[in-house]
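Numbering (my numbering), first residue to last: 3 to 358.
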């Protein structure tokens, strides 16, 4: 089994998947991995027993059955999560390593196509990028780590018949450097990225920037020509987005949330905060709370730890993050719940915004 299992027409209508379709898909995905994947085969159980009437109930059932994957185990034993004799086109990717030692995960090439279809449709419906960038107009410059991110941003720009400069960057330990020594030290470490960015901006008229908040000022010389700034990472909140749009008067700032096992999720500023919506049915993200009766999905507006259900033909992972967020209702073109204000606990009990 590979991607023939996904709901019909999902690539053409990535934001129109119903909860009943997701439940049916999850049933097949769980059965497949419990039969074929080394890590999941050790659980001698019937996966159908975990499927609830709703997606939220299904997530609760999986967590309360003790199926949450330990992060350290996942990092050390990533090959156990690849189905035996899987026939898709697999590539192994590393996480960015901004927070801790890099993890390794795998994607089927087909997933990139579905991910880009989700991003493209959401960007067009929410931010009208198709109207802003008619065919051939987009000239993009993207900063970021090599791996899934490079594939994703390349295919996304090409879907608009755009042109892309990709400037790779070494991201190991950058979050700690930023917190302890500030932006200037980050820029010193990233000196090649700074030099090549300046070189491109001197010669070409870039109109789309994809970067992290601490690096957005590198595009200052192109402030009049930039029409879109796509951001993810530390500081991506509503106030920062407003500041970016003031700095780049002709641009719209767009927030994303990235993770190495599923890529980028689109954010929407709403009610003074940024809400992110995953790409159902492949990625389910719900804030949860541990109670005397086990895990439960929190009520709307309530903060909880983020539960990830990453369910694709090539990989199944259930885990609860240290990160917390609020549960939010569907909005815009999304038919499913999202999460807002993601924050990760750090030393001393404080929290800060995510950086993936």
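Note that beta-carbon positions come from the ideal geometry of N, C-alpha and C, so glycine has one too.
List the DSSP bridge partners of residue 306. Within the chain shown, the letter at position 304 stands for residue 306. The secondary-structure analysis by DSSP pairs residue 306 across a beta bridge with 327.
Against chain C, does residue 93 count as a neighbour if the rule is that its beta carbon must be under 7 Å from one of theirs? No chain C is present in this structure, which holds just one protein chain.
Buried or exposed by the 16-neighbour rule on C-beta atoms within 10 Å, applied to residue 185: As a first step, residue 185 must be located in the chain shown, where it is residue number 183. Taking every protein chain shown into account, the CB of residue 185 has fewer than 16 other CB atoms within 10 angstroms, so this residue is exposed.
Can you tell me whether residue 356 is helix, strand or coil according to DSSP? Residue 356 sits at position 354 when you count from the first residue of the chain shown. Bear in mind that the predicted position of residue 356 carries a pLDDT of just 41, short of 50, making it too unreliable to give a figure here.
Please report the residue range of the beta strand (DSSP E) in which residue 95 lies. Taking the first residue of the chain shown as 1, we reach residue 95 at position 93. Counting along the chain, the beta strand (DSSP E) containing residue 95 begins and ends at 92-96.
So, are the CB atoms of residue 189 and residue 196 less than 7 Å apart? Here residue 189 refers to the residue found at position 187 when the chain shown is read from its first residue. Here residue 196 refers to the residue found at position 194 when the chain shown is read from its first residue. Cβ distance < 7 Å, so residue 189 and residue 196 count as in contact.
Compute the Euclidean distance between the alpha carbons of residue 35 and residue 295, then round it to the nearest angstrom. In the chain shown, the residue the question calls residue 35 occupies position 33. In the chain shown, the residue the question calls residue 295 occupies position 293. Residue 35 and residue 295: Cα-Cα distance of roughly 27 Å.
Endpoints, the alpha helix (DSSP H) within which residue 150 is located: Locating residue 150 in the chain shown gives position 148, where the first residue counts as 1. Residues 150-161.
Span separating the alpha-carbon of residue 240 from that of residue 145: Start at 1 with the first residue of the chain shown, and residue 240 comes out as number 238. Start at 1 with the first residue of the chain shown, and residue 145 comes out as number 143. Rounded to the nearest angstrom, the two C-alpha atoms are 21 Å apart.
When the Cβ atoms of the region 23-35 are set against those of the region 264-276, are three or more pairs found closer than 8 Å? They do not touch, by the three-pair rule.
Check whether the region 336-344 and the region 316-328 are in contact - that is, three or more C-beta pairs closer than 8 Å. In short, these stretches touch, since the Cβ pair count reaches three.
Measuring straight from C-alpha to C-alpha, what distance separates residue 130 and residue 121? Locating residue 130 in the chain shown gives position 128, where the first residue counts as 1. Locating residue 121 in the chain shown gives position 119, where the first residue counts as 1. Going from the Cα of residue 130 to the Cα of residue 121 covers about 12 Å.
Answer yes or no: do residue 314 and residue 284 have a C-beta to C-beta separation smaller than 7 Å? In the chain shown, residue 314 corresponds to position 312, counting from 1. In the chain shown, residue 284 corresponds to position 282, counting from 1. Contact check for residue 314 against residue 284 passes: the beta carbons are separated by less than 7 Å.
Short check: CB of residue 278 to CB of residue 340, under 7 Å? On the chain shown, position 276 is the one that residue 278 refers to. On the chain shown, position 338 is the one that residue 340 refers to. Yes; because the gap between Cβ atoms is below 7 Å, this pair is in contact.
Which residue wins for smallest C-alpha separation from residue 249, given the options 23, 64, 222, 304? Counting from one through the chain shown, the residue named residue 249 turns up at place 247. Looking at the Cα atoms, 222 is the closest of the given residues.
Tell whether a beta-carbon distance below 7 Å holds between residue 65 and residue 297. Taking the first residue of the chain shown as position 1, residue 65 is located at position 63. Taking the first residue of the chain shown as position 1, residue 297 is located at position 295. The beta carbons of residue 65 and residue 297 sit closer together than 7 Å.
For residue 321: DSSP bridge partner residues: Working through the chain shown from its first residue, we reach residue 321 at position 319. In the DSSP assignment, the residues bridged to residue 321 are 310.
Tell me where the beta strand (DSSP E) around residue 275 begins and ends. Within the chain shown, numbered from 1, the residue matching residue 275 stands at position 273. DSSP places residue 275 inside the beta strand (DSSP E), whose first and last residues are 275-279.
Take residue 323 and list the residues in its own chain whose beta-carbon comes closer than 7 Å to its own, dropping the five residues that flank it on each side. Here the question's residue 323 lines up with position 321 in the chain shown. Here the set comprises 307, 308, 310.
Identify whether residue 338 lies in helix, strand or coil by the three-state DSSP scheme. Residue 338 sits at position 336 when you count from the first residue of the chain shown. In the displayed model, residue 338 falls within coil according to three-state DSSP, outside both helix and strand.
In the DSSP assignment, what residue or residues form a beta bridge with residue 255? Residue mapping note: residue 255 aligns to position 253 of the chain shown, counting from 1. Answer by DSSP bridge pairing, in chain order: 231.
CA nearest to the CA of residue 167, picked from 211, 37, 237: Numbered from its first residue, the chain shown carries residue 167 at position 165. Comparing Cα positions, the closest option is 211.
Under 6 Å from any heavy atom of the ligand FAD, does the C-beta of residue 274 make it? What this structure holds is no ligand at all, so the ligand FAD is not there to describe.
Using the Cβ count rule (16 or more neighbours within 10 Å means buried), how would you classify residue 55? Here residue 55 refers to the residue found at position 53 when the chain shown is read from its first residue. Burial check for residue 55: the Cβ neighbour count within 10 Å stays below 16, so the residue is exposed.
Could you have a look at residue 269 and say whether DSSP puts it in helix, strand or coil? Your numbering for residue 269 matches position 267 in the chain shown. Residue 269 falls in the strand class under three-state DSSP.
Quick check on this structure: which residue in 151, 170, 216, 194 has the alpha carbon closest to the alpha carbon of residue 181? In the chain shown, the residue the question calls residue 181 occupies position 179. Minimum Cα distance to residue 181 is reached at 216.
Nearest CA to the CA of residue 103: which residue from 94, 119, 74? For this step, residue 103 is matched to residue 101 along the chain shown. Of the candidates 94, 119, 74, the one whose C-alpha sits nearest the C-alpha of residue 103 is 74.
Sequence-distant residues of its chain with Cβ nearer than 8 Å to residue 10 (five each side left out): The residue labelled residue 10 in the question sits at position 8 within the chain shown. So no residue of the chain qualifies.
Once the 5 residues before and after residue 137 are set aside, which same chain residues still bring their CB inside 6 Å of it? If you number the chain shown from 1, residue 137 lands on position 135. Excluding the 5 residues flanking it on each side, residue 137 has same chain C-beta neighbours closer than 6 Å at 163, in chain order.
Going by DSSP, what residue range makes up the alpha helix (DSSP H) through residue 185? Looking up residue 185 in the chain shown gives position 183. That run of the alpha helix (DSSP H) goes 185-191.
Rounded to whole angstroms, what is the Cα-Cα separation between residue 334 and residue 132? Counting from 1 along the chain shown, the entry for residue 334 is found at position 332. Counting from 1 along the chain shown, the entry for residue 132 is found at position 130. In this structure, the alpha-carbon of residue 334 lies about 17 Å from that of residue 132.
Express the C-alpha separation of residue 40 and residue 253 in angstroms, rounding to a whole number. Numbered from its first residue, the chain shown carries residue 253 at position 251. Numbered from its first residue, the chain shown carries residue 40 at position 38. CA-CA distance, residue 253 to residue 40, rounds to 48 Å.
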